[in-house]
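Q: Got a structure for you, written out below as structure tokens; questions coming shortly.
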Ligand SMILES: Cc1cc2nc3c(=O)[nH]c(=O)nc-3n(C[C@H](O)[C@H](O)[C@H](O)COP(=O)(O)OP(=O)(O)OC[C@H]3O[C@@H](n4cnc5c(N)ncnc54)[C@H](O)[C@@H]3O)c2cc1C
Ligand SMILES: Cc1cc2nc3c(=O)[nH]c(=O)nc-3n(C[C@H](O)[C@H](O)[C@H](O)COP(=O)(O)OP(=O)(O)OC[C@H]3O[C@@H](n4cnc5c(N)ncnc54)[C@H](O)[C@@H]3O)c2cc1C
Ligand SMILES: Cc1cc2nc3c(=O)[nH]c(=O)nc-3n(C[C@H](O)[C@H](O)[C@H](O)COP(=O)(O)O)c2cc1C
Ligand SMILES: Cc1cc2nc3c(=O)[nH]c(=O)nc-3n(C[C@H](O)[C@H](O)[C@H](O)COP(=O)(O)O)c2cc1C
Ligand code: FES
Ligand code: FES
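Right, dumping it as structure tokens:
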């Protein structure tokens, strides 16, 4: 039995529904030591900004039960170095590229998208409106994150959309009361897909030193710990939007990925699980194929949103 | 060296800062088989409603990485049976009682509080405005939970306050964008303390059956998985309110409890950790005393909110 | 009264493909346990898995208990890797035991698959309290999954086997094998196994006016009546009292109290 | 090129109070490893602990590697319970090795506490590549925490000891013992240990115009240059390039590139 794993995410054709979480896979090269990363549906690169960024001071990481907190602060090489140093490798290896972008202003997002399209730097754009580790987004509409304000989500989405013809994905935050509002705002403003979820905001204190473990005080919680929250947000968002959803949050196995797909995600991203096991995303691809075979499903698209109500 | 562990939570004197999460300790009796539960600072009983409640249909539980989802739906014996069957045991054993209450309307909260005071059923009232597993709270101010609307939080708090002279604690939900808003609303409406956090809303799907594992589709996520989120919410709330905070969410050890205390909680509650190890709360009491001795702290109140900024 | 005790594993062997028997040194628990009760086992220290796993007590000895379990998922798989000499944390005994009454003349135990787990101890207790060896029906998918047959025979029980494929005993269901035994007045049936099997056994018993006690399963968090997570629907008039806790009100129930329609709707008739 | 391999444990012993040496069958990793590189070890399968733990490669053999580690917290405690014959998942070799250059006439290794871990392999490599046995300074809190002394002596290294309490060798710090050796032109110092020690060693080297390589530590998630989690501040003009990754740009750094002021501010001068 042959299974179709190909999905179309708002115009981006992926040969299978598995990509990686921005910031958890670098620019693909390191993990190519462990497996051929071009086998993934797409590679989502670390958030790119106009200028290189140093990020937050250390410590930036702490392990938590079934997860981790990070406060990287979007350290990245910047768009120039990406285009000159990272992109050629990705292209040479035949990777489908989702370029995740981060700007200080809507205009910066527009510039990044425009430049990426012009220089062939991406097959789709993912606008990160939801990083909890950067201060300069704080004054966005009274909210700390752009993704916490549906109006701002719409504004940023429109600007990115008007800057590029590439498919535009909008990455939202779980740190909201009602995920359907920013999801609908993104859809109405023309987003081709939404990515769910970025990290939950959390904090860890070392009782012995009485200090917050992260220099930035708070950080983003990721990993299996947050998976139930992520599945629920995908399910809720899928009930209101028609555009595809890329689901993520704690995916470690194909079974985890299936939870997201059944909840309504058309693609999934493996995030920090790659840190523990670099080829997790490939294992998920293979596991999804097995799942379809075992269940007699010829096209994975049939399973999207297929959760049965009790 | 003798250490003072006594704390005053908005008028409720607790001999140590450790209570239990409502719904995770029954009415105290079962766990008295394992240790003398009157050693705890207080026992917070399962949410009480005016009438007994059957709760949601099964399945109601599922294990998740470092945590669990529940959709009990507040099954409880009701106030009458509590007063006649549960209270005498608690009183006989000298327990300090925080009675957690749940009503369909503000008026029901008021009735419950008034009745509990009149019949000596509690030493303090905790108003559960944040249970994610009951549908009838759905239409509360456009929000699904009362605790998601600062206005409703204020309204409910005022009614409970006017119904009783007992200390009134308001239990809030983490399923909000900004915890400082409901926290401030509760404080301004006269709450004597706030309890943070109730469960995060989550979902689990069984990929083999394609069904949501919980009959109620969604449930509340608890356990160590959510601890970083809980610590961060306590820290944020503590930065704006002056009333004491009872911190909870995944506490399993005294070290975990210290994270909450340093973040700003004056008392802590052990929740579903008791399911794994019934005497966890007592171990936390002992561990806090050890911690104070080890650090030369004579009064645990000195540590409240003592996290150092980097 | 239940205890939480670190118990040394004194024996641990495969007892059929994917099934294990574990003997534990647990004098305090043994002293208070009765057949039909269960324990909550910490399969591995730490937060993963997060919860204990419920396991029936198979047999009760002077200084300990034994468990008989099937590797079902990750928790039981991890449990199966713990070596003799190591310890596991055990909470128990919990729940209500099987009622035993010398006046019940013809006790019959009906087991499906791993549902046989609580019956060796039950048979021993019936023999010692009533002087009568119960009859035993053991049903399984095939002969390699028939457990404890020799144990029951050694106790003097008449054993009837049934398998789905006829590879041992009667081809067919436990309930059919039970019906063949023609239980009637004076008989009492104890059932444990998949839900569909217990329902079929219950129906046979109802038709023949025989009392039936079944040991039910549910996913459990506390195992101790506290969390309200393990409930099933019972035939209770008062709506608010319909949900009974498998851990504290059971796991053994008179089958007439169970709302079988609700159970079967939930599993779609599957076990 | 790093690999992820399930490696059988071929030896596992206590090597001093709370310290263990573990030998692993890992031909693929051994074939590519150089002293100063490290591995990421899965201390226990499952989600708790969630991340691998970085461990220096102590020695490199034809068919495997050894690790030398201290029980620091839960992860290393769990690792210490894994028995010979069982497997652990190992990712490596990772990071940049210690540079070795036959032109450097007087190599001196300075270890503090468990910081000695990468040095037995480094000493072996220096001997085989340069024909010269390095001098070694081993510092620890007290004599019972001095590790590997015999190993170095067996290789022909001159070993100097220093302890906080004088219970072995010189009473005092590693940096003082190093200064006593009067390193000068032609010397190269390799340092590994607590931050405060490495800083003091660095200062001795700067004062004497000696090149110093130190192996630094940071909490790591990926160990592979991907997550940007393990950075420290370097002396780099361009602000955006100040943060260097301990895992991929290190763990071995020329100490003059490290922004010691930032490191020391963070630890409050503590190690
Ligand atoms: C009172 C009681 C007594 C039991 N006695 C025994 C016994 O003596 N021997 C034995 O082998 N098993 C017994 N069980 C079932 C046993 O508890 C489950 O098989 C075990 O918890 C599965 O854990 P796991 O981690 O291996 O599987 P998981 O990975 O947790 O789950 C695997 C599958 O088993 C199901 N499952 C998980 N937990 C339970 C549960 N508590 N009840 C029913 N199904 C579950 C899951 O839904 C899933 O389909 C008993 C259950 C109860 C409630
Ligand atoms: C490149 C590198 C090589 C290392 N080589 C060795 C070695 O050969 N032998 C050895 O014993 N140790 C080595 N370490 C340190 C070792 O990784 C930590 O001791 C270990 O991760 C602690 O894990 P744990 O679960 O026991 O402690 P945890 O419970 O995680 O933490 C206990 C304490 O150790 C600190 N800690 C945790 N992880 C690290 C870390 N990655 N770096 C520094 N401190 C940490 C924590 O902040 C905490 O104070 C190395 C670290 C690095 C970065
Ligand atoms: C170390 C780390 C760095 C991350 N950096 C980014 C980033 O640069 N841009 C972004 O959109 N998301 C970033 N994320 C979020 C992930 O892409 C993902 O949304 C989140 O971690 C949830 O998935 P997971 O639980 O599977 O890791 C980062 C996550 C981690 C753990
Ligand atoms: C099974 C279960 C039942 C609960 N029932 C209630 C309840 O009736 N009322 C309430 O206010 N909170 C209830 N909670 C929430 C807990 O009191 C607590 O706020 C939450 O679980 C977080 O703490 P934890 O992670 O330590 O369990 C319940 C939690 C669980 C796990
Ligand atoms: S498992 Fe908690 S009440 Fe039964
Ligand atoms: S640990 Fe991930 S970049 Fe170093």
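Protein chains in written order, with the numbering used here: chain A, 133 to 442; chain B, 133 to 442; chain C, 134 to 404; chain D, 134 to 404.
C-beta atoms are modelled at their ideal positions from N, C-alpha and C, and glycine is treated no differently.
1) Identify the residues that DSSP records as bridge partners of residue 197 of chain D: which are they?
2) Can you grab the Cα-Cα spacing for the pair residue 418 of chain A / residue 317 of chain C, in whole Å?
3) In whole angstroms, what is the alpha-carbon distance linking residue 229 of chain C and residue 204 of chain C?
4) Enumerated in chain order, which unbroken segments of the alpha helix (DSSP H) with a length of 4 residues or greater are wholly contained in the segment 165-226 of chain D?
5) Helix, strand or coil: which one does DSSP assign to residue 239 of chain D?
6) Does residue 184 of chain D get closer than 9 Å to chain A when you measure Cβ to Cβ?
7) Apart from the five residues on each side of it in sequence, which residues of its chain come closer than 8 Å, Cβ to Cβ, to residue 182 of chain B?
8) Taking the straight line between their C-alpha atoms, what separation do you get for residue 198 of chain D and residue 137 of chain D?
9) Chain B partners of residue 174 of chain A, CB-CB under 9 Å?
10) What do you reckon, are the CB atoms on residue 265 of chain D and residue 320 of chain D nearer than 9 Å?
11) Determine, using beta carbons only, whether residue 140 of chain D and residue 244 of chain D come nearer to each other than 9 Å.
12) With DSSP collapsed to three states, give me the class of residue 241 of chain A.
13) Are there three or more Cβ pairs, one per stretch, closer than 8 Å when the segment 305-315 of chain C is compared with the segment 266-281 of chain C?
14) Only counting runs of 3 or more residues, tell me where the beta strand (DSSP E) segments fall wholly within the segment 296-358 of chain D, in order along the chain.
15) If we count the other Cβ atoms within 10 Å of its Cβ and call it buried at 16 or more, is residue 431 of chain B buried or exposed?
16) Please report how far the alpha carbon of residue 390 of chain D lies from the alpha carbon of residue 370 of chain D, in whole angstroms.
17) Which same chain residues, not among the five before or five after residue 360 of chain C, have their C-beta less than 7 Å away from its C-beta?
18) Taking 8 Å as the line, does the beta carbon of residue 182 of chain D fall inside it for any heavy atom of ligand 2?
19) Among A/163, A/375, A/335 and A/363, which residue has its Cα nearest to the Cα of residue 203 of chain A?
20) Is it true that the CB of residue 263 of chain B sits closer than 9 Å to the CB of residue 169 of chain B?
21) In whole angstroms, give me the CA-to-CA distance for residue 298 of chain C and residue 329 of chain C.
22) Using a 10 Å radius around the Cβ and a threshold of 16 neighbouring Cβ atoms, would you call residue 224 of chain A buried or exposed?
23) By Cβ distance, which residues of its chain are closer than 7 Å to residue 145 of chain B, with the 5 residues on each side in sequence left out?
24) One question on the structure: do residue 156 of chain C and residue 183 of chain C come within less than 9 Å of each other, judged by their Cβ atoms?
25) Which parts of the segment 358-423 of chain A are runs of the beta strand (DSSP E), unbroken and 3 residues or longer, counting only runs that do not cross its ends?
26) Who does residue 369 of chain D pair with in a DSSP beta bridge?
27) Can you have a look at residue 313 of chain C and say buried or exposed, based on whether 16 or more other CB atoms are within 10 angstroms of its CB?
28) Taking DSSP as the reference, what is the three-state secondary structure of residue 197 of chain A?
29) Look at the alpha carbon of residue 324 of chain B and the alpha carbon of residue 249 of chain B, and state the distance between them as a whole number of angstroms.
30) Out of D/396, D/392, D/385 and D/395, point me to the one whose CA is closest to residue 167 of chain D's CA.
31) Compare the C-alpha of residue 341 of chain A against each of B/289, B/441, B/375 and B/329 and name the closest.
32) At the level of alpha carbons, what is the spacing between residue 402 of chain D and residue 214 of chain A?
33) Mind the definition here: the segment 313-321 of chain A touches the segment 154-165 of chain A only if three or more C-beta pairs lie below 8 Å; say whether that holds.
34) Check each residue of the segment 183-202 of chain A: if its Cβ is closer than 8 Å to any Cβ of chain C, include it; give the result in chain order.
35) Say whether chain B places a C-beta atom closer than 9 Å to the C-beta of residue 202 of chain D.
36) What in chain A is Cβ-close to residue 352 of chain D, meaning under 9 Å?
A: Checking against the coordinates, here is how it stands:
1) D/158
2) 56 Å
3) 25 Å
4) 207-213
5) strand
6) yes
7) 210, 211, 235, 240, 243 and 244
8) 14 Å
9) Going along chain B, no residue has its Cβ under 9 Å from residue 174 of chain A, so there is no contact; the nearest lies around 23 Å.
10) no
11) no
12) helix
13) yes
14) 320-325 and 344-348
15) exposed
16) 11 Å
17) 354
18) yes
19) A/335
20) no
21) 17 Å
22) exposed
23) 138
24) no
25) 377-380 and 399-402
26) Note: residue 369 of chain D sits in no beta bridge, so no partner.
27) exposed
28) coil
29) 16 Å
30) D/385
31) B/441
32) Caution is warranted here: a pLDDT of 45 is assigned to residue 402 of chain D, below 50, making its placement in the model unreliable, and no coordinate value can be reported.
33) no
34) 197 and 198
35) no
36) 190, 191, 192, 193, 194, 195 and 345
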